[in-house]
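Okay, structure first, notes after.
Residue numbers (this note's numbering), protein chains in the order written: chain L, 1 to 222; chain Z, 223 to 422.
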């Protein structure tokens with residue numbers, strides 16, 4: 001069972017490594033979008049400081065949604081997803097491993113680059129850590145919840161737009177709490193409450209989402 | 223061992239087949255015959271549990287496969303229309319991963335590919351259709367211990383040598399007490415012990 005999980009993670013990371021352009025686009029999207037705001041709004045430091053958490057979080061959310069299609073679509077087209085469904089390990093575990101690999105490729109780079117992006121907004125240096133921590137807890141939730149949508153819209157024509165409509169509303173709580181944690185700290189109130197809530201959401205999503213994804217995949221492949 | 227009782231399958235509002243029953247015991251090689259669009263692939267997908275029948279049951283050793291799930295998956299190999307190989311990976315990587323996911327040791331992937339004459343270190347994306355099929359079928363060499371083989375058009379896009387190899391693998395599997403269900407349009411090759419026809 002553990003071997004299957006290791007195998008799936010290693011496989012998806014290897015595939016991502018051989019198809020670097022896919023990985024680069026989502027990260028580049030994040031960098032470009034977050035850089036557009038200071039350019040469009042103008043260099044008014046107070047405004048930028050104020051909008052920074054929200055803008056960075058919304059960009060991370062859009063970027064992670066952009067890469068969701070990749071999660072199952074390719075495997076579906078070449079038939080390997082059928083073989084994954086017929087695997088020896090429970091499908092929920094295999095799906096969790098796929099989401100983990102997806103997050104390592106699409107989510108973790110956002111977490112690492114976010115403090116650098118925050119430089120453009122001139123936010124207080126104590127906020128860098130909170131911003132990165134909130135993304136570290138929040139982006140896996142985005143991947144897990146998004147995976148349910150990706151599995152449900154698998155193989156549908158125009159599935160990309162449908163996926164966005166399905167998943168974006170579900171991202172709202174993560175966005176509010178994630179961006180809120182940074183705002184709370186910048187207001188001097190301490191963001192521990194929000195961060196703990198994010199952690200709770202992560203635990204809940206990690207337990208429930210793989211089961212939902214497994215069920216959705218079984219339906220989509222019929 | 224494998225039992226299908228009163229299967230009915232409807233796709234897109236049209237009934238493909240109904241009241242289809244099938245029982246396989248060790249050593250059976252069954253060919254599913256029928257024109258295009260009669261539901262041969264659907265029947266194979268029902269037998270491996272990817273598709274739920276509209277009515278009826280598939281049972282393995284008397285237990286419904288829907289309740290067995292991966293317990294049942296471990297006892298079968300399904301090779302469908304698509305070769306199920308990743309273009310970016312080499313043939314050896316593909317085969318080793320497929321075996322590990324199926325719970326088989328993938329250590330002998332290289333020798334299995336050699337039997338099928340597939341260059342093991344080349345990315346599958348740079349291979350011809352026939353070579354991809356071979357790369358996928360090489361899994362049969364490593365699946366001797368898996369009792370049930372479900373093969374959808376295993377001979378498609380294969381040349382005479384590779385077809386003969388598949389033939390001998392299927393025959394060897396039957397003699398060691400395995401079960402094979404396959405579809406094919408090349409009747410002269412694989413010889414079944416029994417044929418199930420889906421033509422009305």
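All C-beta atoms, glycine included, are put in the ideal place defined by N, C-alpha and C.
Asked: 8 Å Cβ cutoff met for residue 122 (chain L) and residue 48 (chain L); Found: yes
Asked: Best match in L:97, L:177, L:146 for proximity to residue 164 (chain L) [C-alpha to C-alpha]; Found: L:146
Asked: Chain Z contacts from the region 204 to 218 of chain L (Cβ-Cβ distance under 9 Å); Found: 218
Asked: Chain Z within 8 Å of residue 78 (chain L), Cβ atoms only; Found: yes
Asked: Residue range of the beta strand (DSSP E) that includes residue 401 (chain Z); Found: 401 to 405
Asked: Opening and closing residue of the beta strand (DSSP E) in which residue 278 (chain Z) lies; Found: 277 to 282
Asked: Short-range partners of chain L found in the region 271 to 300 of chain Z, where Cβ spacing is below 8 Å; Found: 271, 272, 273, 274, 291, 292, 295, 296, 298, 300
Asked: Backbone secondary structure at residue 419 (chain Z) - three-state DSSP; Found: strand
Asked: Span separating the alpha-carbon of residue 44 (chain L) from that of residue 37 (chain L); Found: 11 Å
Asked: Interface partners of residue 89 (chain L) on chain Z, CB under 8 Å; Found: 292, 323, 325
Asked: Unbroken alpha helix (DSSP H) run spanning residue 37 (chain L), endpoints; Found: 20 to 41
Asked: Option in Z:263, Z:387, Z:317 with minimal Cα separation from residue 170 (chain Z); Found: Look at the range of chain Z in this structure, 223 to 422, and you will see that residue 170 (chain Z) is not part of it.
Asked: Of the listed residues L:98, L:155, L:175, nearest to residue 136 (chain L) (C-alpha basis); Found: L:175
Asked: Residue 75 (chain L): first and last residue of the uninterrupted alpha helix (DSSP H) it sits in; Found: 73 to 77
Asked: Residues within the region 306 to 317 of chain Z neighbouring chain L, beta-carbon criterion of under 9 Å; Found: 306, 307, 308, 309, 310, 311, 315, 316
Asked: Residue 247 (chain Z) versus residue 298 (chain Z) - alpha carbon distance; Found: 14 Å
Asked: Chain Z within 8 Å of residue 12 (chain L), Cβ atoms only; Found: no
Asked: Contact check, residue 114 (chain L) vs residue 131 (chain L), beta carbons under 8 Å; Found: yes
Asked: Any alpha helix (DSSP H) of 4 or more consecutive residues that is wholly inside the region 341 to 411 of chain Z; Found: 351 to 359, 361 to 364, 382 to 397
Asked: Residue 254 (chain Z): contacting residues in chain L (beta-carbon distance under 9 Å); Found: Neighbours of residue 254 (chain Z) on chain L: none; closest Cβ ~18 Å, over 9 Å.
Asked: Residues bridged to residue 230 (chain Z) [DSSP beta-bridge criterion]; Found: Z:277
Asked: Interface partners of residue 84 (chain L) on chain Z, CB under 8 Å; Found: 323
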